[in-house]
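Visitor:
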Amino acid sequence: MRSRHFLYNTVASLFSQLIGIICGILLPRLMIFGFGSELYGTTVSITEFLGYISLLEGGIGGVARAALYSPLSEHDTNTINLVLASIRQFFKKIALIFIGYTFILACSFQYIASSYSLDWEFTFCLVIVISLSNLAEYYMGISNSILLHAAQQGYVIRLLQSVTTIFNILLTCVLIHYNCNILSVKFFYCFLHIIRIFILNKYVKNRYGVKKIPAQADYLKQKWDCLGQHIAYFLHSKTDFFVLTIFVSSAEVAVYSIYSYIMTSLVTLTGFFTSGSEAVFGNMIARHERGHLIQFFDFMEFLIHSVVIIVFTTGAIMIMPFIRLYTNTFTDAEYYRPVVAGLLLLAEGIYCLRQPYHQLTIAAGEFKSTKKAAFIEAGLNILLSLILVHKQGIVGVALATVIAMLYRTIYYVLYLSKNIIKRKMFTFIKRWCITAINTCTILLCLHYLPIQVQEAHNYIEWIKNAVIVFCFSALVTSTYSYLFYKNEWNQLIAKGKPKI
Numbered sequence: 141m142r143s144r145h146f147l148y149n150t151v152a153s154l155f156s157q158l159i160g161i162i163c164g165i166l167l168p169r170l171m172i173f174g175f176g177s178e179l180y181g182t183t184v185s186i187t188e189f190l191g192y193i194s195l196l197e198g199g200i201g202g203v204a205r206a207a208l209y210s211p212l213s214e215h216d217t218n219t220i221n222l223v224l225a226s227i228r229q230f231f232k233k234i235a236l237i238f239i240g241y242t243f244i245l246a247c248s249f250q251y252i253a254s255s256y257s258l259d260w261e262f263t264f265c266l267v268i269v270i271s272l273s274n275l276a277e278y279y280m281g282i283s284n285s286i287l288l289h290a291a292q293q294g295y296v297i298r299l300l301q302s303v304t305t306i307f308n309i310l311l312t313c314v315l316i317h318y319n320c321n322i323l324s325v326k327f328f329y330c331f332l333h334i335i336r337i338f339i340l341n342k343y344v345k346n347r348y349g350v351k352k353i354p355a356q357a358d359y360l361k362q363k364w365d366c367l368g369q370h371i372a373y374f375l376h377s378k379t380d381f382f383v384l385t386i387f388v389s390s391a392e393v394a395v396y397s398i399y400s401y402i403m404t405s406l407v408t409l410t411g412f413f414t415s416g417s418e419a420v421f422g423n424m425i426a427r428h429e430r431g432h433l434i435q436f437f438d439f440m441e442f443l444i445h446s447v448v449i450i451v452f453t454t455g456a457i458m459i460m461p462f463i464r465l466y467t468n469t470f471t472d473a474e475y476y477r478p479v480v481a482g483l484l485l486l487a488e489g490i491y492c493l494r495q496p497y498h499q500l501t502i503a504a505g506e507f508k509s510t511k512k513a514a515f516i517e518a519g520l521n522i523l524l525s526l527i528l529v530h531k532q533g534i535v536g537v538a539l540a541t542v543i544a545m546l547y548r549t550i551y552y553v554l555y556l557s558k559n560i561i562k563r564k565m566f567t568f569i570k571r572w573c574i575t576a577i578n579t580c581t582i583l584l585c586l587h588y589l590p591i592q593v594q595e596a597h598n599y600i601e602w603i604k605n606a607v608i609v610f611c612f613s614a615l616v617t618s619t620y621s622y623l624f625y626k627n628e629w630n631q632l633i634a635k636g637k638p639k640i
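For what it's worth, this note's numbering labels the leading residue of the sequence shown as 141, then goes sequentially.
Dropping the structure here:
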């Protein structure tokens, strides 16, 4: 059963990631083409500002999943309902605060972002419309999503998200074609999102017999210890846009958002290979299966390092040719920023490499022990971003992200060498050194080989070159894997996944 759920999550995640990547690349171009860089940048900033309220969640999702692993493995329906009642109670309070926050943001956003070219009434309505999907999520969606992820049924969520994303991109094309304004586009997106939440709610009720009962004991006792973890993630995804919205123009925010979308696509693609692994870790820990846990962790670490090398070296070679093609008709901002691309690739590559470490600590409920590092990462990100943005602009913000990311990754390596898996530091250092050498080998070979993979005059040529780079990266990485990780390599070839 555990292996089957892991397979379902993996396949559904791949489908969802591919849909998300394609639509995530198409949507900004459609929006900039239809409404211009400044208006598109304004919607990006509003979305990010609305997301700041998620800081109040305090990382409750990780705590809730950890609380659900044991009752789910024991089929304890009563405890499951009690945990869900605590989750719903918590998020309804967040929803009430969110309503007040949205109203304040709607009234003040024009002045915060210095968007004086847009009417106050327009920015007010835009904030309200964009907020609707968040509000629905807090009232109904989050508790169901947490339950399904803990039950290793995240594939249900991903399939629904994929369908919603496809409908959204099609509807956006139609609305822009008929010259509808951006308020209409955002309203219909929220409408589709709310429909998805209702469908998910119906599925959970039928599948698990969930009942709405009053919250009793506090089943989320570690929520304050998890706050640091959540702040770190929050700052990872929100700090850059906050600082840029305050200190640079909306057009610069639009530029950064394009690179951010590309990085998100690479992270999303990489995340396909770790999809569902936290739930598997949690199930193994709940059943005290230490041998299987270490075996599965070793395999996941090997897999994510291999995937990150292939995906991010391909991204490093192909990102600037793509930017040239993607933005060749945009004249209201300078989109060609190779230094920004390089720094963000490094930051997000580090972020992806540490995911098995992060997922294992979450599954083990190690929130209190690791919260100090999360706060330090958050502080580094904020302080360095504020210092560097004045002289370096978006380059400085990207550099701050790299430094903060690197700090916490090193902390995870040190922590796991002494806790949970208690593995020798040499194993971690060896893997990271091999990853660095593997990456340099690919980049140097592609730089000196007589193959003009960075020359592309259209998307067909770009895709052809990207396939060549991807295959070359995969070949080199496979060679390194065979030489240095024979056990994991044979396991991958023989079974496609570890025994779980």
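Cβ atoms here follow ideal geometry from the backbone N, Cα and C, with glycine treated the same way.
Is the separation between the beta-carbon of L287 and that of Y348 shorter than 8 Å?
Guide: Yes, the Cβ-Cβ distance between L287 and Y348 is below 8 Å.
Visitor: If you draw a straight line from the alpha carbon of I633 to that of A152, how long is it in whole angstroms?
Guide: Looking at the two C-alpha atoms, the distance is approximately 21 Å.
Visitor: Give the range of the alpha helix (DSSP H) segment to which D438 is assigned.
Guide: Start and end: 430 to 466.
Visitor: Out of curiosity, what's the CA-to-CA distance linking V480 and A503?
Guide: Using only the alpha carbons, I get a separation of about 34 Å.
Visitor: Classify E261: buried if its beta carbon has 16 or more other beta carbons within 10 angstroms, exposed otherwise.
Guide: Answer is exposed; the Cβ neighbour count stays below 16.
Visitor: In chain order, what residues of the same chain lie with their CB nearer than 6 Å to the CB of T467, ignoring the 5 residues before and after it?
Guide: Result list for T467: Y475, in chain order.
Visitor: Hey, how far is the Cα of R494 from the Cα of D259?
Guide: Going from the Cα of R494 to the Cα of D259 covers about 44 Å.
Visitor: What residue ranges within the region 488 to 563 form continuous alpha helix (DSSP H) runs of no fewer than 4 residues, ordered along the chain?
Guide: The region 488 to 563 contains these whole alpha helix (DSSP H) runs: 495 to 503, 507 to 532, 534 to 558.
Visitor: State whether the region 438 to 458 contacts the region 601 to 614, with contact taken as three or more CB pairs (one from each stretch) at a distance under 8 Å.
Guide: At 8 Å Cβ cutoff, the stretches touch.
Visitor: Grab me the residues of T408's own chain with a C-beta within less than 7 Å of its C-beta, minus the 5 sequence neighbours each way, in chain order.
Guide: Within the same chain, T408 has close Cβ partners Q157, G160, I161.
Visitor: If you check the beta carbons only, do I186 and I237 fall under 8 Å apart?
Guide: In this structure, I237 does not lie closer than 8 Å to I186 by Cβ.
Visitor: Excluding sequence positions up to five away, which residues of its chain have a Cβ less than 6 Å from the Cβ of A276?
Guide: Excluding sequence neighbours, A276 sits near I334, I337.
Visitor: Across the region 198 to 208 and the region 417 to 431, are there enough close Cβ pairs to call them in contact, namely three or more that are closer than 8 Å?
Guide: In short, these stretches touch, since the Cβ pair count reaches three.
Visitor: When DSSP labels each residue in this structure, what does R477 get in the three-state scheme?
Guide: DSSP places R477 in coil when its eight states are reduced to three.
Visitor: In the DSSP assignment, find the unbroken alpha helix (DSSP H) run with H333 in it and report its ends.
Guide: Unbroken alpha helix (DSSP H) run through H333: 322 to 348.
Visitor: Following the continuous alpha helix (DSSP H) through F470, name the residue where it begins and the one where it ends.
Guide: F470 -> no alpha helix (DSSP H), and no H or E assigned at all.
Visitor: I'd like the span of the alpha helix (DSSP H) that includes G176, first residue to last.
Guide: Neither: G176 is in no alpha helix (DSSP H) and is coded neither H nor E.
Visitor: How would you write the range of the alpha helix (DSSP H) that L287 sits in, first residue to last?
Guide: Element bounds for L287: 282 to 290.
Visitor: Can you round the beta-carbon distance between Y192 and K378 to whole angstroms, since I take them to be within the 8 Å contact cut?
Guide: With 8 Å as the limit, Y192 and K378 qualify as a contact, their Cβ atoms being about 6 Å apart.
Visitor: By DSSP, does V388 sit in helix, in strand, or in coil?
Guide: In this structure, V388 counts as coil in the three-state DSSP scheme.
Visitor: Buried or exposed: which applies to T385, given that a residue is buried once 16 or more other Cβ atoms fall within 10 Å of its Cβ?
Guide: The residue in question, T385, is buried, as its Cβ has 16 or more Cβ neighbours within 10 Å.
Visitor: For the 8 Å Cβ check, are there 3 or more pairs between the region 591 to 608 and the region 427 to 439?
Guide: At 8 Å Cβ cutoff, the stretches do not touch.
Visitor: What are the start and end residues of the alpha helix (DSSP H) that includes N605?
Guide: It spans 599 to 624 - the alpha helix (DSSP H) in which N605 sits, taken as one unbroken run.
Visitor: Taking DSSP as the reference, what is the three-state secondary structure of H317?
Guide: It is helical.
Visitor: Check R427 in the structure and name its three-state DSSP category.
Guide: DSSP places R427 in coil when its eight states are reduced to three.
Visitor: For F231, which of F566, C247, S285, V303 has the nearest alpha-carbon?
Guide: F231 has its Cα closest to that of S285, out of F566, C247, S285, V303.
Visitor: Please tell me whether L589 and I457 are closer than 8 Å, where the distance is taken between their beta carbons.
Guide: Cβ atoms of L589 and I457: not closer than 8 Å.
Visitor: With distances taken Cα to Cα, identify the nearest neighbour of Y399 among F462, F442, N346, K345.
Guide: The option with the nearest alpha carbon to Y399 is F462.
Visitor: Compute the Euclidean distance between the alpha carbons of Y209 and Y251, then round it to the nearest angstrom.
Guide: Between Y209 and Y251, the C-alpha separation is close to 46 Å.
Visitor: In terms of alpha-carbon separation, which member of C492, E214, A514, H370 lies closest to Y719?
Guide: Residue 719 lies beyond the range of the chain shown here (141 to 640); nothing can be said about it.
Visitor: Does the Cβ-Cβ distance between G176 and D380 come in under 8 Å?
Guide: Cβ atoms of G176 and D380: not closer than 8 Å.
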